[in-house]
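Here's the structure we're looking at; comments come further down.
Residue numbers (this note's numbering): 1 to 172.
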């Protein structure tokens, strides 16, 4: 049983697939699944990938934020946590990684937002476990039951940085 579990663990950030809802596998589609709003570049990455054949790489230049959105329609009101898997080419150059969930028709007037603490990031693969209670409700009226868009923001400090996202899963 343990050997089988470890084999699965290398492919997915989640151990219990039955209670998981995969929000995004980031399996390529940099220009279709995810839309760049601002920043240096957004591209498919077939080198840094754990699940599927591709991931999506956000390149952030110093002094700018790479901001990209994905339109979804999902009820996350029963989520107990989110597992967010990503690869960083140089953690010392990450200023911040922010994930936001819009609940206002995709225009981000009502949304939940969470910055991943850079104190815990490392060069290479990172699995961040985020609790819904850790997210800030931007104006006090966002609703986890009506999530309609995801936004990921990456900013660099010191030098440009590449952050490749591989999996975002909600766990109930």
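Cβ atoms here follow ideal geometry from the backbone N, Cα and C, with glycine treated the same way.
Grab me the residues of residue i's own chain with a C-beta within less than 6 Å of its C-beta, minus the 5 sequence neighbours each way, in chain order.
i           : result
residue 131 : 81
residue 118 : 94
residue 46  : 54
residue 154 : 58, 60, 66, 97 and 163
residue 36  : 42 and 68
Considering only DSSP beta bridges, list what residue i is partnered with.
i           : result
residue 125 : 87
residue 101 : 112 and 150
With a Cβ-Cβ cutoff of 8 Å, do residue i and residue j count as a contact?
i           : j           : result
residue 143 : residue 103 : yes
residue 150 : residue 58  : no
residue 71  : residue 106 : yes
Ends of the beta strand (DSSP E) at residue i?
i           : result
residue 151 : 147-156
residue 164 : 161-171
residue 235 : One cannot answer for residue 235 here, as it falls past the ends of the chain, which runs 1 to 172.
residue 20  : 20-24
residue 58  : 55-60
residue 66  : 65-74
Please return the same chain residues whose Cβ sits closer than 8 Å to the Cβ of residue i, not counting the five positions on each side in sequence.
i          : result
residue 39 : 58, 59, 60, 61, 64, 65, 66, 67, 68 and 154
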